[in-house]
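Listed in order, the protein sequences are those of chains A and B. Residue numbering for the first sequence is 8 to 350, as defined by this note's numbering. Residue numbering for the second sequence is 8 to 350, as defined by this note's numbering. All C-beta atoms in this analysis are idealised placements derived from N, C-alpha and C, irrespective of residue type, glycine included. As the structure is a computational prediction, the values presented were derived from the model and not from experiment.
There are 2 protein chains.
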Amino acid sequence: MVTIIAMSRKITQKKANLRDVAKASGVSVATVSRVMNSPQTVSPKTRARVEIAIRDLKFVPSAAARAINSGRTRFVGALVPTLDNAIFARFLAAMETRLIDSGLALVVATTNDDPEIEVQRAENMLKIGAEGLVVSGVTHHPDLHTLIERSQLPAIATSYYDLNADWPTIGYDNASASRLALQHLLDLNHRKIAVVHGPAEKNDRTRARLNGLTTELDVDFRFYETRISVESGVRAARDMLQDQDAPSAVLCLSDVLAHGVLFEFQRSGAAVPDRFSVVGIDDLPASAHSVPRLTTVHLPVSQMGTTTAEAMAAWVEDKVVPDSTQIHPVLQERESTAKYQPC
Amino acid sequence: MVTIIAMSRKITQKKANLRDVAKASGVSVATVSRVMNSPQTVSPKTRARVEIAIRDLKFVPSAAARAINSGRTRFVGALVPTLDNAIFARFLAAMETRLIDSGLALVVATTNDDPEIEVQRAENMLKIGAEGLVVSGVTHHPDLHTLIERSQLPAIATSYYDLNADWPTIGYDNASASRLALQHLLDLNHRKIAVVHGPAEKNDRTRARLNGLTTELDVDFRFYETRISVESGVRAARDMLQDQDAPSAVLCLSDVLAHGVLFEFQRSGAAVPDRFSVVGIDDLPASAHSVPRLTTVHLPVSQMGTTTAEAMAAWVEDKVVPDSTQIHPVLQERESTAKYQPC
DNA sequence: AATGGTAATGTAACTGGTTACAAGAACCTG
DNA sequence: CAGGTTCTTGTAACCAGTTACATTACCATT
């Protein structure tokens, strides 16, 4: 019985607001507001009365109303290509952790590397009140630039370091990341190198990495462009195995692809690193444990996330526009690469 | 010169609001509002004037002010233990995609499986105006229940199916997921089984899976409780290899752990499935390509994400409280399991 | 020219909080 | 007990939009 009454009341009950609480506790709206924001300034007995009313009416202050006064919504948006790649997940996790410390929440949206979708997502972020925006890479739809310019929204580009970009960048030099991997293979005397990479057209990080693949030496490159997935790595490796003029080394522009390659080589008995050297870029947690352990270029994405979060927090809180900061990839030598030996 | 003037103006320039635009274009605030929300009702010439003013003043409507009128913020929050495990990333990706279709954004926060942190994150979600909350599992800090109850916030528990929970649940029966894996091993005559799992104390999904591990048969279980990471899987496998009374099968309550186990067995030459059968739960993308391919219990998390998003959208848009819905795990037989053969 | 109907626009009240300022009450000091 | 502090509390303006309702403008009939 009691339950039923309570339930039916629950359904018809409108949300209580400040005025309701004020009325119920016989004080003014200002006093209720004070109880919520600076309780010390209210006398204990008044405060107690108000708190009871708050409890009874299940009063929850409106975030929007608060935001309209402070001009703050206390969250920032991040646009990433996908969540399916652990590299972004780790970046976001680091960023979120640091943002929370500044009392900022993180809103995530995925763009699937499509500039049009990216603009839509950015517009949505703005519409719901994001105070800042983090994007990946520096190449975007013109509308995104217009949007940011118009709205004066703090924006930071990540996974890329470029002092000439429209916005501050926090990231690494993608060209030198891939050059690091390439140089390692060259040092091991590899001259026939398969390069497995994700879609280049819409992804400037991939393009930059591809551009980093230059050398004075006479190298025979073979490019495999695919989706970024373990499966695609498997398929690329399968192709190589059927090639009578097979490469001696495989450079994957993403560890996810390298894992696929490693799996397929392993499965088909193609010895790594004896027959094929394999090197990746990213350094995912699994890369330290794969068989063989993957030599890869470590991208400090957690650090990137923390730095980005700090910069963003300082920007939205204190209006200090961050400088671009470069973080440095480092080659992580493990077991999947070895000196080239002609059979 | 021009640049400098433009810059200094930019710095001092306050953000324009509706009234400013109205003044600049010589119309009333209502007309400007109409230009933004229902342009057809405004005469073309007036509209043009207003649009120019909007452009000139770089007017961007305040999300908060809009929200205060509509009572809507158009985003919902999701609390997940971590982003580091691909299983959550995939769930969130699916949910985000579906929410976008309903014009809702997704705010993500991680709890690290800590009930206290979870409450804080939930409070934060509420403070910034989330219209709904998605959580993992059904066991939470009492304060979280109070919070949801007080605020009448639409809340859905996922990764768990339980009709008796405080909130609607959308997920699978974790006990039967692990039972599926166990039964498979039993059918293959395994009786000494290592169970590798994540921290049980704070994770009701893990506990439920553990509870599913019951049988009439005389089975010798050995439990390995660790962090959920590839590395932990490696370590557990290493332990097993040193055990003279080694198990014949390994049941991992998470694919991430299984991958670690597989890597270590592979590396040390312990044949899978001949010497050890290995089975997982989750079915990550990599599981179909590992060596050997991992037999695992497929959890349809993408479907779970979509369903959750639909339910949440219906709840916040049309106030229809969703029913709990169960999604069914299915055993995905691949190559990592085989009949037990005494050596 | 008067009437009517519709389309376009304006006025002002509203949303739900915060806060500057004013005013009243309580307390202290000489 | 007057006068001055300090502490509490209230009033009302304000934030930046939306929207019900009123008003005006415009065009077509009769």
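Residues near residue i by beta carbon distance below 7 Å, same chain, minus five either side
i: H305/A; result: D290, P336, V337 and Q339
i: V327/A; result: A321
i: T48/B; result: R41
i: A129/B; result: L86, L140, L151 and L154
i: I177/B; result: I163, T165, M311, T314, T315, A318, S331 and T332
i: I235/B; result: N92, G205, S261, V263 and L264
i: S15/A; result: For S15/A, the pLDDT reaches just 33, beneath the cut-off of 50, and the residue's location in the model is therefore unreliable, leaving the point undetermined.
Segment limits, alpha helix (DSSP H) that includes residue i
i: D27/A; result: L25 to S32
i: L189/A; result: N181 to D194
i: L260/B; result: Where L260/B is concerned, there is no enclosing alpha helix (DSSP H), given that its DSSP letter is neither H nor E.
i: D289/A; result: That residue, D289/A, is in no alpha helix (DSSP H); its beta strand (DSSP E) goes S284 to D289.
i: L151/B; result: P149 to S158
i: S143/B; result: Here S143/B belongs to no alpha helix (DSSP H); instead the beta strand (DSSP E) covers L140 to S143.
i: T313/B; result: V308 to D325
i: V36/A; result: V36 to N44
i: V57/B; result: P51 to L64
i: I334/B; result: Note, I334/B: premise wrong, no alpha helix (DSSP H); not H, not E.
i: A74/B; result: A70 to S77
Buried or exposed by the 16-neighbour rule on C-beta atoms within 10 Å, applied to residue i
i: G312/A; result: buried
i: G361/A; result: Residue coverage of chain A in this structure runs from 8 to 350, which leaves residue 361/A outside it and unanswerable.
i: D325/A; result: exposed
i: T302/A; result: buried
i: K346/A; result: exposed
i: E208/A; result: exposed
i: G205/A; result: buried
i: I288/A; result: buried
i: T221/B; result: exposed
i: N76/A; result: exposed
i: R341/B; result: buried
i: D180/B; result: buried
i: G78/A; result: exposed
i: L224/A; result: exposed
i: F270/A; result: buried
Chain-order list of residues whose beta-carbon lies under 6 Å from that of residue i (same chain, five-residue window excluded)
i: A93/A; result: L291
i: Q333/B; result: Y168
i: V126/B; result: H148, D150 and L151
i: A74/B; result: T80
i: R300/B; result: R341 and E342
i: L258/A; result: A188, I200, V202 and V286
Contacts of residue i in chain A (Cβ-Cβ under 7 Å)
i: A70/B; result: T80, K134, I135 and G136
i: L90/B; result: A96, L99 and A100
i: H266/B; result: A293
i: V126/B; result: Result: empty, since nearest Cβ-Cβ is about 13 Å, beyond 7 Å.
Same chain, Cβ closer than 8 Å to residue i, neighbours up to 5 away in sequence not counted
i: A256/A; result: L192, L195, H197, K199, I200, A201, F283, S284, V285, V286, T344 and Y347
i: N210/A; result: P88, D120 and G144
i: D27/B; result: L64 and F66
i: A278/A; result: F272
i: A55/B; result: none
i: V6/B; result: It is not possible to answer for residue 6/B, since the shown part of chain B is limited to 8 through 350.
i: T19/B; result: Unreliable placement is indicated for T19/B, whose pLDDT of 46 sits below 50; the coordinate value is still reported in the next sentence. Once the five neighbours on either side are set aside, T19/B has no close Cβ partner at all.
Closer than 8 Å at the beta carbon, the chain B residues around residue i
i: V115/A; result: L99, E103, L113, V114 and V115
i: S236/A; result: P292
Neighbouring residues, chain A, relative to residue i (Cβ below 9 Å)
i: P307/B; result: By Cβ distance, chain A contributes nothing, its closest Cβ being about 16 Å from P307/B, past 9 Å.
Where the beta strand (DSSP E) through residue i begins and ends
i: H204/A; result: K199 to H204
i: Q339/B; result: V337 to Q339
i: H305/A; result: T302 to H305
i: T48/A; result: Run containing T48/A: none; DSSP gives neither H nor E here.
Chain-ordered chain B contacts of residue i [CB-CB under 7 Å]
i: V298/A; result: F270, Q273 and R274
i: N131/A; result: A112
9 Å Cβ cut-off: residues of chain B touching residue i
i: R157/A; result: R62, K65, F66 and V67
i: I75/A; result: S69, A71, A72, A74 and I75
i: V42/A; result: Correct list: empty, because the minimum Cβ distance to chain B is about 16 Å.
Chain-ordered neighbours of residue i on chain A, where CB pairs are closer than 8 Å
i: A93/B; result: D91, A93 and A96
i: V241/B; result: H296
Residue i: CB within 7 Å of a non-hydrogen atom of the ligand FMN
i: A182/A; result: This structure lacks the ligand FMN; in fact it carries no ligand of any kind.
Next item on the list: Output the residue ranges of the beta strand (DSSP E) runs that lie fully inside the segment 79-129 of chain A and measure 3 residues or longer, sorted by chain position.
Entry: Runs of beta strand (DSSP E) with 3 or more residues, each lying fully within the segment 79-129 of chain A, are found at 82-87 and 112-117, listed in chain order.
Next item on the list: Could you pull out every unbroken alpha helix (DSSP H) segment of at least 4 residues lying fully inside the segment 216-244 of chain A, listed in chain order?
Entry: Taking only runs of at least 4 residues, no alpha helix (DSSP H) segment lies wholly in the segment 216-244 of chain A.
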